[in-house]
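Worksheet: one structure, shown below.
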Amino acid sequence: MSSTAFIEPLPVIDFVAQLLDRDISVRPLSDSDRVKIKKALRGVKVEVTHRGNMRRKYRISGLTSQATRELSFPIDDRGTVKTVVQYFLETYGFNIQHTTLPCLQVGNQQRINYLPMEVCKIVEGQRYSKRLNEKQITALLKVTCQRPQEREKAILQTVHHNAYSEDPYAQEFGIKIDERLASVEARVLPPPRLKYHDSGRERDVLPRVGQWNMMNKKMVNGGRVSSWACINFSRNVQDGAARSFCHDLALMCQVSGMDFALEPVLPPVYARPEHVERALKRLYQDAMSILRPQGRELDLLMVILPDNNGSLYGDLKRICETDLGLVSQCCLTKHVFKANKHQYLANVALKINVKVGGRNTVLVDALARRIPLVSDVATIIFGADVTHPHPGEDSSPSIAAVVASQDWPEVTKYAGLVSAQTHRQELIQDLFNVRQDPQRGAVSGGMIRELLISFWRATGQKPKRIIFYRDGVSEGQFYQVLLYELDAIRKVNFI
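Here the sequence shown stands for residues 676 to 1170, numbered as in my numbering.
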């Protein structure tokens, strides 16, 4: 069952007010407001409401740069000109109220028509194909996240409501849809036994119903964080609360099995979200001025974010990972003030441990060399996928991601690489490449080679078997992708 967002069928005036989150009749629209409205409404179908039962539909192509009261157009071949306000009053008896707002442009470039916003209503049933913001994504996930029984009930109700057996189009094409869900044979796989560190009270655990916790357990390989800092972007979190939260998290990392310093390099720093880049770089410089003379690096940055942080999270990760080369862990304000946050802190500690090179757990079967097609010979496991931009983002590249295991026989640690490539290209172009070096001539490279070398360095041996999981390929593309990407893997030589 798939879900998507639809544009709410509102009067355009109400839609714009919701989009800008303010009363649009109070003050004129700014240039940024106009850009936002134009981006949201371009391509959307509207119907006019000023002609009684004649609800003609149009597709929005743009927004006028002038206010409605300033717009005029020729009405005949003699060059007679009328204003939009005058035309609507004389032709339809409609008195435009919001004359300071721009008009919607509909039609083609050769013959543009102007429609005041207040006479337009968004047509029902239009899929929203543009990028959703963080708040919208959260709301969509909340609506679509259902328990299996609830989802089954919703599907059956939809099928019953649609009454396909009585649908004339379905009958015409001879389509018959069963009102019952299909029954398929299934089996429940036994859960794998997980190994933890021998110093914990529980050395291994068998998950029940897919769940287990870190109570009485320690990470099988705890990572090391000897120097860390904290930056707080939430104005609701005071310095004392930030300091206490970070200390609790550091203590949880220690208790869970990490070699984690309890005190930060610097006291927690507050910064405003709009100054994220400047604040991060200043904090990093201040920390390194202390650490560099000691020959040390900043191992971790803890970050406290507002609950609704918009693009802040993405900006922060981009700066930390591409500009500063810094491992970061973000936490929301609501978790700072959570009364009983023991389980939350334990979960965050697990994330931090993996980020700094530790391992939380390994499979007992892996240590006992009992995993088919993995345990008998040195094996590396790859996973690959390509993420494409949303419809309408024609200039954005597709992003290819490849991950690969970096240990054996445990197959628990993974390294990942990402690469930008041609817009909406499903074949991963950078799996294998050859570049010309002035001294060495043709040099082979690419994501596969880089990850194979990384595996070799980490394990001390070359893999004798490659298992490659590939996601996101349709049936029609399968053989094309198989031939191209399998050929790229075979070309790799990392001796």
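Ideal Cβ placement from N, Cα and C applies to all residues, glycine included. No experiment lies behind these values; they were computed from the predicted model shown.
Asked	Found
Let me know if T1054 comes out buried or exposed under the rule of 16 or more other beta-carbons within 10 Å of its beta-carbon.	buried
Suppose the cutoff is 6 Å on Cβ atoms and the five residues either side in sequence are ignored; what does the same chain contact list for G763 look like?	Note on residue identity: the sequence assigns Phe, not Gly, to residue 763. Contacts found: F769 and I771.
Between which two residues does the alpha helix (DSSP H) harbouring R654 extend?	Coverage of the chain is limited to positions 676 through 1170, which leaves residue 654 absent and any answer about it impossible.
Could you name the residues that DSSP lists as bridge partners for S1094?	A1075
Would you check if the distance between the CB atom of L973 and the CB atom of F908 is smaller than 8 Å?	no
Hey, how far is the Cα of R697 from the Cα of H773?	15 Å
Would the beta-carbon of S931 fall within 8 Å of that of M894?	yes
Spell out the partners DSSP gives D879 in its beta bridges.	K870
Nearest to V1037 by CA position, among L1158, E827, N896 and W887, is which residue?	N896
Does DSSP put D990 in a helix, in a strand, or in coil?	helix
Which residues bound the alpha helix (DSSP H) around W1131?	M1122 to T1134
Run through DSSP, which three-state label would S964 get?	helix
How many Å lie between R730 and D689 at the Cα?	19 Å
Hey, how far is the Cα of D990 from the Cα of L955?	11 Å
Could you name the residues that DSSP lists as bridge partners for F681?	R802
On the criterion of 16 or more Cβ atoms from any shown chain inside 10 Å, does M933 qualify as buried, or is it exposed?	buried
If you measure from the CB of V1061, is any heavy atom of the ligand NAD nearer than 7 Å?	This structure lacks the ligand NAD; in fact it carries no ligand of any kind.
Pull up the distance between the alpha-carbon of S874 and that of L864, whole angstroms please.	30 Å
Looking only at its own chain, which residues have a Cβ that is under 7 Å from the Cβ of E877, when we skip the five neighbours before and after it?	Y871, N891 and K892
Is the beta carbon of I682 less than 8 Å from the beta carbon of I797?	yes
Starting from the C-beta of I852, find all residues in its chain whose C-beta is less than 6 Å away, skip the five residues before and the five after it, and write them out in chain order.	Y839
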